[in-house]
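Chemist: Got a structure for you, written out below as structure tokens; questions coming shortly.
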Amino acid sequence: MKKYYTLIIFTFCSSIFGQVGVNTTNPQEQLHVGGANSTIRIDGLNTPNNVNNLGTASSTPVYVDADGDLVLGTLTDNVEILFDSANYLVDVQDPTSLINQVGSGAGFSQGGIPIGGTAISFTLTRPAIVEVNYSVTWNVGKNVTPTSRIDDFRARIVQTAMYFRQNNYLGPAVINDYYGNPINGGPWCITSNCMELGGLLAINGQFYNNIAGNQGEWRNFRNTASDYVVLGPGTYTPMFAAQLAVGDTGGTGAVKLYLGVGMDEVQIVAYYFN
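Start counting the sequence shown at 70; every next residue gets the next number (this note's numbering).
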């Protein structure tokens, strides 16, 4: 009888202090799910069972609460669309939206002013993962008119990016994220002479070339991009920067790009984690 009870106690302790492996015979943690494409399903977090699940068309952030439990944040508390504009920048071709052509890799310049001026901003009440989505328009040419199109057969790259300023669009540029790290490996020049730096997000580009002289297209192009950054509490204004780069500027003339000349969409979404 004594040996029987000793065996039961030993087996019980092995279960308590052992490691559980799924799809692996060599678990490295208390629970180890093996396999390059392994997944975990928790029925209590799915759409029928949890009102905080965003549904089949979206993914829902999973958080760890103070007890170490996996939970979904409430929709009203943790996910918020802070900004959603169908036409964000003033639709003009003037010095406020001008991006001058530079040599390859010479840097970005800021361009465009928000419709609504200093009244346009959003506020974070606590730290958040901020998602930025934009689609910004541009025209390009010598004087950017139907009769002054680029005709030198040289390929150019048009790159655009978003950055934030503190408070309104006249405030200082945001360089670091919530943790004090330079945004996106920056800081980046946001003026042609590099007198001001900023943390650029959602950098995107496309090539432009015109071999048809005055018959080529010169307007109504757009760049579209998305990105994420962690920001702390505060008030921010989304702004744009761009560069028009060509490998050899010799003999090209004063080629210009104007940013934000059409319907420029900007969306800002916050995913709060504290």
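All C-beta atoms, glycine included, are put in the ideal place defined by N, C-alpha and C.
Between the C-alpha atoms of Leu351 and Gly181, what's the straight-line distance to the nearest angstrom?
Modeler: An answer regarding residue 351 cannot be provided, because it is not within the stretch 70 to 343 covered by the chain.
Chemist: Excluding sequence positions up to five away, which residues of its chain have a Cβ less than 8 angstroms from the Cβ of Val131?
Modeler: Here the question's residue 131 lines up with position 62 in the sequence shown. Leaving aside the five residues that flank Val131 on each side, the residues in its chain whose CB is nearer than 8 angstroms to its CB run, in chain order, Leu114, Leu139, Val140 and Leu141.
Chemist: Please name the residue or residues paired with Asp112 in a DSSP beta bridge.
Modeler: Taking the sequence shown and counting its residues from 1, one reaches residue 112 at position 43. Asp112 is not bridged to any residue.
Chemist: If you reduce the DSSP assignment to three classes, tell me which class Cys82 lands in.
Modeler: As a working mapping, residue 82 is identified with position 13 in the sequence shown. Low per-residue confidence applies at Cys82: pLDDT is 41, beneath 50, and the placement is therefore not dependable, though the value from the model is reported in the following sentence. Helix.
Chemist: Round the Cβ separation of Gln275 and Val227 to the nearest angstrom and send it over; I've been treating them as touching at under 8 angstroms.
Modeler: Your numbering for residue 275 matches position 206 in the sequence shown. Your numbering for residue 227 matches position 158 in the sequence shown. Indeed they touch by this definition, with Cβ atoms about 6 angstroms apart.
Chemist: Which residue comes first and which comes last in the beta strand (DSSP E) that contains Asp296?
Modeler: For the purposes of this step, residue 296 is taken as residue 227 along the sequence shown, with counting starting at 1. Its beta strand (DSSP E) spans residues Phe290 to Leu300.
Chemist: By the 10 Å Cβ neighbour count, where 16 or more other Cβ atoms means buried, how is Ser128 classified, buried or exposed?
Modeler: Position 59 of the sequence shown, counting from 1, holds the residue named residue 128. So Ser128 ends up on the exposed side.
Chemist: By the three-class DSSP mapping on this structure, what secondary structure does Ala314 have?
Modeler: Working through the sequence shown from its first residue, we reach residue 314 at position 245. It is a strand residue.
Chemist: Quick one, are the C-beta atoms of Ala230 and Phe177 less than 8 angstroms apart?
Modeler: Position 161 of the sequence shown holds residue 230. Position 108 of the sequence shown holds residue 177. In this structure, Phe177 lies closer than 8 angstroms to Ala230 by Cβ.
Chemist: Under the three-state reduction of DSSP, which class applies to Thr216: helix, strand or coil?
Modeler: Counting from 1 along the sequence shown, the entry for residue 216 is found at position 147. Correct three-state label for Thr216: coil.
Chemist: Whether or not the stretch 179–199 and the stretch 328–335 are in contact is what I'm after, with contact meaning three or more pairs of Cβ atoms, one per stretch, closer than 8 angstroms; do they touch?
Modeler: yes
Chemist: Is the separation between the beta-carbon of Arg294 and that of Leu266 shorter than 8 angstroms?
Modeler: Within the sequence shown, residue 294 is the residue found at index 225, counting from 1. Within the sequence shown, residue 266 is the residue found at index 197, counting from 1. The question names Arg, but residue 294 is Ala in the sequence shown. The answer is no: Cβ separation not under 8 angstroms.
Chemist: Can you give me the start and stop residues for the beta strand (DSSP E) that Ile198 sits inside?
Modeler: Counting from one through the sequence shown, the residue named residue 198 turns up at place 129. From DSSP, the beta strand (DSSP E) with Ile198 extends over Ala197 to Gly210.
Chemist: Kindly give me the distance between the Cβ atoms of Thr93 and Thr192, rounded to whole angstroms, as I take these residues to be in contact under 8 angstroms.
Modeler: Within the sequence shown, residue 93 is the residue found at index 24, counting from 1. Within the sequence shown, residue 192 is the residue found at index 123, counting from 1. In this structure Thr93 does not touch Thr192 by the C-beta definition: roughly 47 angstroms separates them, more than the 8 angstroms allowed.
Chemist: Under the three-state reduction of DSSP, which class applies to Asn245: helix, strand or coil?
Modeler: Locating residue 245 in the sequence shown gives position 176, where the first residue counts as 1. Asn245: strand per DSSP, three-state reduction.
Chemist: Which partner residues does Pro251 have in the DSSP bridge list?
Modeler: Along the sequence shown, one-based indexing puts residue 251 at 182. Answer by DSSP bridge pairing, in chain order: Asn245.
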